[in-house]
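Student: So that we are looking at the same thing, I have put the structure below in structure tokens.
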Amino acid sequence: MRKFYTLLVVAMTAIAARATDYKVPVTVIVNGVTSEQTGDFTVVENDGLYDITLKNFILQSEDGPMGVGNVELKGIVPYKDGDATLLVATDEVKITDGDDPNVPVWMAGMLPPVPVELRGKIVGDQLRCYLDINLMESLGQMIQVAIGSGYQLPNPSFEAWHASAEEYVEPNGWHSFESATGDLALAAGHHVEKSKDAHSGAASARIFSSSIFGIIANGTMTTGRMNAGAMSAIDPANNAYLDMSKTDVDGNGDPFYVPLCSRPDSVALWVKFKQGTPNSEHPYATVSAVITDGTYYQDPEDKDYTNVVAKAKDNKIAATDGKWVRISAPFDYTKNAVDPKAVLVTVSTNADPGQGSGEDEVLVDDIAFIYNANVTSLKIKGQDVPGFSPDKMTYEMELNEVIKAEDIEVTVEGKCPHVVKGVQAMGDYYLCAVYAIGGDMSTVSAYAISVKSSAAGIRNLQSATNQPAAYFTLDGRQTKTLVPGRIYIRRQADGTVTKIRP
């Protein structure tokens, strides 16, 4: 068995190999541009270690799809955090040819071993992983692959569209009056279209209002479904709604709701907003996001709903003077005893129903849920790590005591962050590692603390004197080969630790 050195060792019971195959949504981000596909992901558990494989990975490009191949990492030590099994690894990976008969050529044979970083978790039967694949040397691209659903919105960059009604289109995963229900659905009009004016990629969603006989119809887009049920704009029969019990599907075959199984801290998006005729009494566009248990919910509400997990809203989006502006709204969590299962996101050209002007428009792009994992303090054995700052990675301190992982105290801001802690005795020092990972696994902060301790020397009699420097990857593996461009932790014989990028 290949031997791994890790700072984050956990006790696991040896069991027979067990493989789980996932056919899951895959979101690929290349230089900030997002595309979506379905992928095959295999997780094999063997004697307490995990092997993971992304099979038949295809990279979308301007020239069409390119077959990359199979990306596999082996011997990953799992870490438990509550009911989640976390998989964190960094390795040099030799990508191999895939076996999809529809792909004529695989690039794997032309690629050298590439650096791959993994952050993943398994909760029950739910899988969520991020793979950062560094193809800078071969293709000049840094590729981020998000695997699994239930943490972000589909089609967040509005690149993919489907036919909705007549000659109209709607963005995949999103809907407007083109697919509305209600007695007045046929008269609701057309209020969303694809725009080439994009914050990133090739497209954004343009939402626009209209005016009929002086009556303003706000442009609105939602992840649920629109209902046009009354002539009066302020009547709650005009709403956006979700109901996971419904079996209706849109022109792309998707339901009129978006599953969400997590608890983000905020929602962020890029907008470009203008009013055709400025209205000083009603000058704002709006965005809202409501997390529910998946049963019926509508916005605006027609009653008090007890199935709401959290709400986020910005109803003061001012005109942006022709510029793209990032908007962010925090979630306010209720005390309702319900679990998150779906989210209803709605964007409208005006915060007030039936207001604004008939020529208002708001362009939307790059929408995302934000999962915080901000470390605000680090303590070991009750003592503050000297000079701690969230943006500083390496530290040194002295404590003449035995140190275990549970002696590291980490304070983290965020609704559902994951924290991994580990300790390794090396000569007269303990090397402590801390990882704070966002709930959707997209971001990670890593810290290394070298603690001088006579207790470490008693447990590990090998002297640190005159030893060469030791190098570790960010997931705690000791390595002798340093790859240019990657980040490592270097521990000198005297216990000094530094971050380096060769």
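Under our numbering, residues 570 to 1071 are what the sequence shown spells out, in order.
Every residue, glycine too, gets a C-beta built ideally from N, C-alpha and C.
In the DSSP assignment, find the unbroken alpha helix (DSSP H) run with LEU722 in it and report its ends.
Tutor: Within the sequence shown, the letter at position 153 stands for residue 722. Here LEU722 belongs to no alpha helix (DSSP H), and DSSP marks it neither H nor E.
Student: Hey, could you find the ends of the beta strand (DSSP E) LEU838 is sitting in?
Tutor: If you number the sequence shown from 1, residue 838 lands on position 269. Start and end: 835 to 843.
Student: Report all residues from its chain with a CB closer than 8 Å to the CB of PHE900; omit the five preceding and five following residues, and keep chain order.
Tutor: The sequence position of residue 900 within the sequence shown is 331, counting from 1. So the list reads ARG832, PRO833, ASP834, SER835, VAL836, ALA858, ILE860, ALA879, LYS880, ALA881, LYS984, once near-sequence residues are dropped.
Student: Please list, in chain order, all residues of the same chain as ASP819 whose beta carbon is under 8 Å from its beta carbon, the five residues on each side excluded.
Tutor: By one-based count along the sequence shown, residue 819 stands at place 250. Closer than 8 Å at the Cβ level, and outside the excluded window around ASP819, lie HIS731, SER733, GLU739, HIS744, SER748, PHE825.
Student: Assign MET676 to one of two classes, buried (16 or more other C-beta atoms within 10 Å of its C-beta) or exposed (fewer than that).
Tutor: Taking the first residue of the sequence shown as 1, we reach residue 676 at position 107. Counting Cβ neighbours within 10 Å, MET676 comes out buried, since at least 16 surround it.
Student: Could you check where the alpha helix (DSSP H) with SER707 kicks off and where it finishes?
Tutor: In the sequence shown, counting from the first residue as 1, residue 707 sits at position 138. 705 to 708 is the extent of the alpha helix (DSSP H) around SER707.
Student: Using CA coordinates, which residue listed in LYS961, VAL683, HIS851 is at the minimum distance from TYR1016?
Tutor: Here residue 1016 refers to the residue found at position 447 of the sequence shown. Residue LYS961 is the option with its Cα nearest to TYR1016.
Student: Could you pull out every unbroken beta strand (DSSP E) segment of at least 3 residues lying fully inside the stretch 718 to 763, listed in chain order?
Tutor: The stretch 718 to 763 contains these whole beta strand (DSSP E) runs: 730 to 732, 738 to 740.
Student: Between ASP935, LYS885, ILE785, which lies nearest to ALA854 when the distance is taken from Cα to Cα?
Tutor: Sequence index remark: in the sequence shown, residue 854 carries index 285 (1-based). Of ASP935, LYS885, ILE785, the residue nearest in Cα terms is LYS885.
Student: Would you call the stretch 590 to 609 in contact with the stretch 712 to 729, where contact means no fewer than 3 C-beta pairs closer than 8 Å?
Tutor: Touching, yes.
Student: Of all the beta strand (DSSP E) runs that stay within the bounds of the stretch 824 to 897, which reach a length of 3 or more residues?
Tutor: Those beta strand (DSSP E) runs which fall completely within the stretch 824 to 897 and span 3+ residues are 835 to 843, 854 to 861, 866 to 868, 877 to 886.
Student: Using a 10 Å radius around the Cβ and a threshold of 16 neighbouring Cβ atoms, would you call MET1010 buried or exposed?
Tutor: Along the sequence shown, one-based indexing puts residue 1010 at 441. That one is buried.
Student: Among GLN1061, GLY751, SER1022, ASN941, which has the Cα closest to the Cα of TYR1040?
Tutor: As a working mapping, residue 1040 is identified with position 471 in the sequence shown. Answer by Cα proximity: GLN1061.
Student: Within the same chain, show all residues whose beta-carbon is closer than 6 Å to that of THR654, passing over the 5 residues directly before and after it, in chain order.
Tutor: Within the sequence shown, residue 654 is the residue found at index 85, counting from 1. Taken in chain order, the residues that qualify are PRO647, ILE691.
Student: To which residues of the same chain is TYR940 closer than 8 Å at the C-beta, ignoring the five residues directly before and after it?
Tutor: Start at 1 with the first residue of the sequence shown, and residue 940 comes out as number 371. Only TYR720, SER831, PRO833, ASP834, GLY983, LYS984, CYS985, PRO986, GLY1007, GLY1008, ASP1009, SER1011, THR1012 meet the Cβ criterion.
Student: One question on the structure: do ALA802 and GLY923 come within less than 8 Å of each other, judged by their Cβ atoms?
Tutor: Stepping through the sequence shown from its first residue, residue 802 is reached at position 233. Stepping through the sequence shown from its first residue, residue 923 is reached at position 354. Yes, they are a contact pair.
Student: Going along the chain, which residues of its own chain have a beta-carbon closer than 7 Å to the beta-carbon of ASP935, five neighbours each way excluded?
Tutor: Here residue 935 refers to the residue found at position 366 when the sequence shown is read from its first residue. These residues qualify, in order along the chain: PRO725, SER726, HIS768, SER769, LEU838, TRP839.
Student: Strictly by DSSP, which residues pair up with VAL714?
Tutor: Position 145 of the sequence shown, counted from the start, is the residue given in the question as residue 714. In DSSP, VAL714 forms a bridge with VAL597, LEU700.
Student: How would you call GLU605, buried or exposed, if buried means at least 16 neighbouring beta carbons within 10 angstroms?
Tutor: Here residue 605 refers to the residue found at position 36 of the sequence shown. Buried, by the Cβ-count rule.
Student: Only counting the same chain, and skipping five residues up and downstream in sequence, which positions put a Cβ closer than 7 Å to that of GLU970?
Tutor: Your numbering for residue 970 matches position 401 in the sequence shown. Around GLU970: LYS950, SER1022, ALA1024.
Student: Distance check for LEU700 and LEU687, CA to CA, integer angstroms please.
Tutor: Counting from one through the sequence shown, the residue named residue 687 turns up at place 118. Counting from one through the sequence shown, the residue named residue 700 turns up at place 131. The straight-line gap from Cα to Cα measures roughly 5 Å.
Student: Could you give the C-beta distance for ARG794 and THR750, rounded to a whole number, given that I count them as a contact under 8 Å?
Tutor: Locating residue 794 in the sequence shown gives position 225, where the first residue counts as 1. Locating residue 750 in the sequence shown gives position 181, where the first residue counts as 1. Indeed, because the Cβ distance is near 6 Å, the residues count as touching under 8 Å.
Student: Round the Cβ separation of VAL988 and ASP650 to the nearest angstrom and send it over; I've been treating them as touching at under 8 Å.
Tutor: For the purposes of this step, residue 988 is identified with residue 419 of the sequence shown, where counting begins at 1. For the purposes of this step, residue 650 is identified with residue 81 of the sequence shown, where counting begins at 1. Correct: roughly 7 Å between the Cβ atoms.
Student: Can you name, in chain order, every residue of its own chain whose Cβ lies under 6 Å from the Cβ of CYS698, other than the five neighbours on each side?
Tutor: Here the question's residue 698 lines up with position 129 in the sequence shown. Excluding sequence neighbours, CYS698 sits near GLY689, ILE716.
Student: Should ARG775 go down as buried or exposed, given a rule of 16 or more other Cβ atoms within 10 Å for buried?
Tutor: Start at 1 with the first residue of the sequence shown, and residue 775 comes out as number 206. ARG775 should be labelled buried.
Student: If we ignore side chains and look at the alpha-carbon of each, how far apart do GLU967 and ASP652 end up?
Tutor: Here residue 967 refers to the residue found at position 398 when the sequence shown is read from its first residue. Here residue 652 refers to the residue found at position 83 when the sequence shown is read from its first residue. Taking the straight line joining both Cα atoms gives about 34 Å.
Student: Starting from VAL612, trace the beta strand (DSSP E) in both directions and tell me its first and last residue.
Tutor: The sequence position of residue 612 within the sequence shown is 43, counting from 1. It spans 602 to 615 - the beta strand (DSSP E) in which VAL612 sits, taken as one unbroken run.
Student: Which residue from GLY638, GLU928, PRO681 puts its Cα closest to that of PRO673?
Tutor: Within the sequence shown, the letter at position 104 stands for residue 673. Comparing Cα-Cα distances from PRO673 to each of GLY638, GLU928, PRO681, the minimum goes to GLY638.
Student: In angstroms with no decimal places, state the Cα-to-Cα distance between VAL683 and ILE627.
Tutor: On the sequence shown, residue 683 is found 114 positions in, with the first residue counted as 1. On the sequence shown, residue 627 is found 58 positions in, with the first residue counted as 1. Distance between the alpha carbons of VAL683 and ILE627 is about 16 Å.
Student: Alpha carbons only, please: which of PRO634, ASP817, VAL1003 is nearest the one belonging to THR945?
Tutor: Along the sequence shown, one-based indexing puts residue 945 at 376. The candidate whose alpha carbon is nearest that of THR945 is VAL1003.
Student: Bridge partners of CYS1001, per DSSP?
Tutor: Taking the first residue of the sequence shown as position 1, residue 1001 is located at position 432. CYS1001 pairs with VAL992, ILE1018.
Student: Which runs of the beta strand (DSSP E) at least 3 residues long sit entirely within the stretch 925 to 968? Give them in chain order.
Tutor: You should have 930 to 939, 943 to 949, 963 to 967.
Student: In angstroms with no decimal places, state the Cα-to-Cα distance between THR980 and PHE957.
Tutor: The sequence position of residue 980 within the sequence shown is 411, counting from 1. The sequence position of residue 957 within the sequence shown is 388, counting from 1. Roughly 12 Å separates the two Cα atoms.
Student: Within a Cβ cutoff of 8 Å, which residues of the same chain sit near ASP766, ignoring the five residues on either side of it in sequence?
Tutor: Along the sequence shown, read from residue 1 onward, the residue named residue 766 stands at position 197. Excluding sequence neighbours, ASP766 sits near SER773, ARG775, LYS841, LEU932.
Student: Near ASP669, what residues of its chain come up, given a Cβ to Cβ distance below 6 Å and the 5 sequence neighbours on each side ignored?
Tutor: In the sequence shown, counting from the first residue as 1, residue 669 sits at position 100. Excluding residues within five positions, the ones whose Cβ falls inside 6 Å are ASN625.
Student: Kindly list the residues whose CB is nearer than 8 Å to the CB of ILE645, restricted to its own chain and excluding five residues on each side of it in sequence; keep chain order.
Tutor: What you label residue 645 is simply residue 76 of the sequence shown in a count that begins at 1. Same-chain partners within the cutoff: LEU618, TYR619, ASP620, ILE621, LEU656, VAL657, ALA658, LEU687.
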